[in-house]
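Undergrad: A single structure is presented below for examination.
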Amino acid sequence: MTDHFSVAADTPQKKRFNIAPTQYAPVAISSQGQRALQDMRWGLVPNWARDASIAHKLINARSETAHEKPSFKESFKRRRCLIPTDGFIEWQGGQSVKRPHHIFLPGREIFCFAGIWSQWDSGGETLITYSILTRPANEQLQALHHRMPVVVRPENYDEWIDPDAQRPALSQIIDRSEDIRFTIQEISTRVNSAKNDDPDCLRPVPVNASLF
């Protein structure tokens, strides 16, 4: 991951297989004009929040409205980030049977979600948190979910995290997610529990196994 961004991390990086809301993950930001990796907690806590419990409601932000929503607009304007990953999970099915699907690039390379971040300080406690931007799902992913994460192409990394970037340029970066194509693979329901974080979480389900 550090090689992907050509940066050093502030803490040693551990391979993760199942990152859940309110857990920490490395995030790329702009620091003094340079890329930097910093561990942040998933679930945005705006700097004006009374307490940190709001984070559960702010794990994602709609890219269409993030620039105007009170919880997101300041972060969208000046504190944008990149969340590196090699895949994400979407579920299919009803409440009783939720079948997870692993979604990744055909070459299994690292890619980045578009995100926003914030620093919250209260009573001597400091939390640095982030939210993932989403957009309407492209045609490939619509069968799984009506939304998808915004993916930033490598050539747009620096512009996305530049605090001075303007909305028209940011909108173009967001729109470029439409054409990205993934590999989709049904995987073990082990990933459904945030307590599990090991390679078996991403174990593929044999074809047609979910029918029996």
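Everything in the sequence shown is counted per the numbering used here, starting at 23 for the first residue and increasing by one. Heads up, the beta-carbon is just placed ideally off N, CA and C, and yes, glycines get one too.
1. Who does Ala47 pair with in a DSSP beta bridge?
2. Have a look at Glu177, Tyr46, Arg100, Trp113 and flag the residue whose alpha-carbon is nearest the alpha-carbon of Pro185.
3. Mapping DSSP to helix, strand and coil, what is Asn40?
4. Check for me: the alpha helix (DSSP H) holding Ser97 runs from which residue to which?
5. Using C-beta distances below 6 Å, list every residue in its chain close to Arg212, excluding the 5 sequence neighbours before and after it, in chain order.
6. Report the residue ranges of all beta strand (DSSP E) runs contained in full by the region 93 to 176; include only those spanning at least 3 residues, in chain order.
7. Using 8 Å for Cβ pairs, my map puts Thr87 next to Trp64. What's the rounded Cβ distance?
8. Under 8 Å, with one C-beta from each stretch per pair, do the region 138 to 150 and the region 174 to 189 reach the 3-pair mark?
9. Cβ of Glu112 within 9 Å of Cβ of Pro128?
10. On the DSSP bridge list, what partners appear for Glu90?
11. By Cβ distance below 6 Å, which residues in the same chain neighbour Ile206 in space, the five residues on each side in sequence not counted?
12. Give the DSSP-derived three-state secondary structure of His26 in the structure shown.
13. What do you get for Asn40, buried or exposed, if any count of 16 or more other CB atoms within 10 angstroms of its CB means buried?
14. Mapping DSSP to helix, strand and coil, what is Pro190?
15. Where does Ser52 fall in DSSP's three states?
TA: Reading from the atomic positions:
1. According to DSSP, which records beta bridges pairwise, Ala47 is partnered with Met62.
2. Answer by Cα proximity: Arg100.
3. Asn40 carries a coil assignment under DSSP once its states are collapsed to helix, strand and coil.
4. Looking at the DSSP string, the run of the alpha helix (DSSP H) that includes Ser97 is 95 to 100.
5. Excluding sequence positions up to five before and after Arg212, its CB lies within less than 6 Å of the CB of Asn218, Asp222, Cys223, all in the same chain and listed in chain order.
6. Runs of the beta strand (DSSP E) inside the region 93 to 176: 102 to 107, 110 to 114, 121 to 126, 133 to 144, 147 to 158, 169 to 171.
7. Rounded, the Cβ-Cβ distance is 20 Å, inconsistent with contact.
8. Contact fails between the region 138 to 150 and the region 174 to 189, because fewer than three Cβ pairs, one in each stretch, are under 8 Å apart.
9. No.
10. As DSSP reads the structure, Glu90 sits in no beta bridge.
11. If we look at Ile206 and ignore the five residues flanking it on each side, its Cβ neighbours are His123, Ile125.
12. Correct three-state label for His26: helix.
13. Of the other Cβ atoms in all chains shown, 16 or more fall within 10 Å of the Cβ of Asn40; this residue is therefore buried.
14. Three-state DSSP puts Pro190 in a helix.
15. DSSP, reduced to helix, strand and coil, places Ser52 within a strand of the structure shown.
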